[in-house]
Structures are given as structure tokens and as C-alpha cells.
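Everything on this sheet refers to the single structure shown next.
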Amino acid sequence: MRISSAFDSGNIEVVKAEDPNDIQLNIRKDHQSDFYQWFHFRLCGQPGETHRLRIMNAGNAAYPKGWENYRAVASYDRDTWFRVDTVFENGELVITHLLEHDIIYFAYFVPYSYEQHQDLVQEAQQSHLCRVEDLGTTLDGRDMSLLVIGDEENAKHRIWITARQHPGETMAEWFVEGFLERLLDTDDATARELLADAVFYVVPNMNPDGSVRGHLRTNAAGVNLNREWQNPSLEKSPEVYRVRQKMEATGVDLFLDIHGDEAIPYNFLADTSGVPTFHEGIQQLQQRFQSAFLAATPEYQTRYGYPKDAPGQANLTLGCTWVGNHFNCLAYTLEMPFKDNDDLPDELYGWSEVRSMQLGRDIMPAIRAVLPDLR
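What follows is the structure in C-alpha cells.
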């Protein structure tokens, strides 16, 4: 029996792995940070044997409530990922699985590799509607890729979408893949209508270093990018610095920042009602956007989510609130679950990469609903 994680987005430390019934593991912390929760590892064992894996330090992870009613994902082919028996007890996350083949992969959520990210960018540029702009490099020297989709010269509106500020929230890039698939489909009438009036600026992965390193929440310097938007720096948060610089050059009329939430088993939006520049016009756009999103898919709901900020008290270090306030525009953080959507539970897959992609497609009618009245 052997457990390893020396690959893209791998994360696990082996404490003890002699007995299949008592495999003891720890999740490695993000580099120069106390954040940890993302895991992704490979187990080579004996088919037909039940393996019991104990993640010993789960109780002190960044979001312990994220383990409640959570089930890990696993795959034999690294293509189809299914949920496996998982319980959180005595501060440990315990995964139990009867091995069907020699090798299995386990992860916190369905991984989205850097290789997949590069393929996504290269595939998008094959469309005549899209061009790729390199904004610069990360601290580890990786490319910060921006997809520009539409007619920049004649478009009336500028729409920005960013994903994976927190690298362990891989559902965010799956969402972007689904969104791009529909936006670049020249036979899709909604996409064609949107691109007649708007240009889209899409950053599929804001944090490629953290993604490859197997981080939950931070970049190569241990910095949480979604707390850097007021004062980013090239030394600690070049990813935000370069994206913000480009936003200043283009302007922003609508901003969507795509994330995943560890604890809440629903899809929801967090708005900018607490920023100083918030006004009735933005509130009306919010109502229209949410109504259209509710009509487009039952995967979205408005009953559960984060508490609203008091007027003028929003944290402006976050991407959504800083952009919404600075550009006086409609801005949202979209959160998807690591667990499942409790409104529409799926026993085998839970919330999945397939559903994340579909949500990316389904958000387009909501953008269409507000497009005529954006700034």
C-alpha cells in the first residue's frame, strides 16, 4: 500500500499507512499560511480490501463546519468523480472505501488541473470571438491569462468574470468552462445577443500558483488574494495587482467573482449592498438579475447565504465589494457548495463539476436581463 501526492494540486501528509483499516493522514498547510482544507492524493492498494483513512487534523482546518455532512470525492480514472462514505467524528475526517482497482484518487472536490486550465485557454482562443492577453506572471512565474471575448471597440458594456482567487475552490473554474462553452457557441441566441452589446473579460484562474501547490486559499506567498483588492502589490499579490490594473484601463459595468463555500449546501450570491456607493439603481439591477437567475435554474436560491453588510460597512478588501464600489457597478460573489445542493441532492455525485458547468451556462439569462441598463 502506498499513498502519494507529488502531482499537480496534490496535498496530503502520511502519518501511518501500514494497515488498510487505520490509515492516518494530515492535510498540509498552505505555504506560509495557517489555512488548510484542500486534499488530493493517490492510494495504491489491494482491490477487494476496505480502506479506512483518517485525516487526523481535520478538526483544526480552516472551516471545520465544512466537514459536517460532507463526503469526499474519488475516482479510478481521474475523469468520473463520485462521492464516498465519509464521516466527521472526534475531530477527524474518516473516509471508508472498498477498493475496486489497484489505484484510486481522493480529493476535497473534483480537481481542475493546471494542464486543464492551459487547455481551456488554448481552446477558447480558437474562437474568432476570443483573444488571449497575458497580464504578466505570478510569483512562481506562471502566466496570468485573460480571455477577451467580443468587440472591444464597439461594445457598450464591459463585463468581468474572475474565478479561483481561492485555488481549492475548483468548482469555480468548472463554472467558467461551462460559461465559456455557451458564450462561444455561435448557434446560441443568448450568447449572440450578449456579444452584440458587451465584451467579456474572463480570468479563469486568478491563482495558478496556489492551484498547482495544492493550496486551499492562498497564493505562493501565503496571501489570501480576496483580501488584497484595496492595496495589492507586485511583491505579495501580483495576480490582483495586474487584474485590477487592467480593470482600470477597461472599466467595469458588471463583475462576477466565482467561488465555492465549504459549509453552506446551496448556490447563492453575495452582493454589494454594504458599500458606500450603493444606490437604488444597483438595487433594482440586483432584483432583476436574481429574478432571472431563479427563473433560469432551480439550482439557484435566495433563502440561504451570507448575512448582508450594514450600509457603508462592507469589507472593501474583497474583490466583489471593491470593484462594485470603485466602479459603481453591479457586482456579485457567486458561491457554490463543496457538499451538495440540499434543494436537489444527488446521492452519487453531490454537487459536481458537471453541475458547476451547467450553472455557468445558466447564469447567462441573468446577465441578459440586466444588460440594457448597466452603467
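Read in order, the letters of the sequence shown are residues 572 to 946 in our numbering. C-beta: ideal position from N, C-alpha, C; glycine also.
Selection from the options that minimises the alpha carbon distance to residue i
i: residue 619; options: 672, 700, 611, 713; result: 672
i: residue 779; options: 926, 740, 697, 903; result: 740
i: residue 624; options: 667, 678, 647; result: 667
i: residue 638; options: 573, 836, 599; result: 836
i: residue 583; options: 628, 616, 748, 622; result: 628
i: residue 824; options: 800, 732, 922, 865; result: 732
i: residue 861; options: 578, 642, 940, 766; result: 940
i: residue 927; options: 852, 654, 656, 838; result: 838
i: residue 687; options: 877, 852, 747, 826; result: 747
i: residue 918; options: 656, 943, 852, 822; result: 656
i: residue 855; options: 943, 828, 751, 817; result: 943
i: residue 676; options: 610, 891, 801, 863; result: 610
Residue-level contact to chain D via CB, residue i, 8 Å cutoff
i: residue 852; result: The question asks about chain D, but that chain is absent: this structure has only one protein chain.
Residue i - DSSP class collapsed to helix/strand/coil
i: residue 934; result: coil
i: residue 908; result: strand
i: residue 821; result: helix
i: residue 897; result: helix
i: residue 853; result: helix
i: residue 595; result: strand
i: residue 867; result: helix
i: residue 624; result: strand
i: residue 892; result: helix
i: residue 731; result: strand
i: residue 706; result: strand
i: residue 718; result: strand
i: residue 631; result: helix
i: residue 579; result: coil
i: residue 862; result: helix
Inter-residue Cα distance where the pair is residue i and residue j
i: residue 727; j: residue 773; result: 17 Å
i: residue 938; j: residue 914; result: 23 Å
i: residue 650; j: residue 626; result: 24 Å
i: residue 907; j: residue 593; result: 33 Å
i: residue 706; j: residue 590; result: 49 Å
i: residue 886; j: residue 812; result: 18 Å
i: residue 841; j: residue 699; result: 34 Å
i: residue 730; j: residue 770; result: 6 Å
i: residue 574; j: residue 664; result: 17 Å
i: residue 724; j: residue 606; result: 43 Å
i: residue 694; j: residue 870; result: 28 Å
i: residue 757; j: residue 765; result: 11 Å
i: residue 894; j: residue 768; result: 21 Å
i: residue 689; j: residue 782; result: 13 Å
i: residue 640; j: residue 745; result: 23 Å
i: residue 798; j: residue 896; result: 15 Å
i: residue 859; j: residue 659; result: 40 Å
i: residue 923; j: residue 816; result: 33 Å
i: residue 622; j: residue 827; result: 41 Å
Cβ distance (whole Å) where residue i is taken to contact residue j below 8 Å
i: residue 601; j: residue 787; result: 6 Å
i: residue 580; j: residue 613; result: Actually they are not in contact, since the Cβ atoms of residue 580 and residue 613 sit about 12 Å apart, beyond 8 Å.
i: residue 792; j: residue 710; result: 6 Å
i: residue 830; j: residue 904; result: 6 Å
i: residue 749; j: residue 929; result: 6 Å
Cut-off 6 Å between Cβ atoms - residues of its own chain near residue i, not counting five sequence neighbours on either side
i: residue 652; result: 644, 646, 681
i: residue 883; result: 847
i: residue 806; result: none
i: residue 857; result: 842
i: residue 902; result: 826, 843, 891, 894, 895
i: residue 751; result: 695
i: residue 868; result: 933
i: residue 852; result: none
i: residue 604; result: 789, 793
7 Å CB neighbourhood of residue i in its chain, flanking five on each side removed
i: residue 608; result: 598, 632, 633, 634, 637, 679, 739, 787, 833
i: residue 921; result: 642, 654, 910, 911
i: residue 585; result: 574, 596
i: residue 810; result: 709, 715, 777, 778, 790, 796
i: residue 804; result: 812
Proximal residues to residue i (C-beta, below 8 Å), its chain only, five neighbours per side dropped
i: residue 762; result: 753, 754, 755, 756, 935
i: residue 692; result: 703, 716, 718, 775
i: residue 820; result: none
i: residue 801; result: 887, 888, 893
i: residue 881; result: 845
i: residue 874; result: 837
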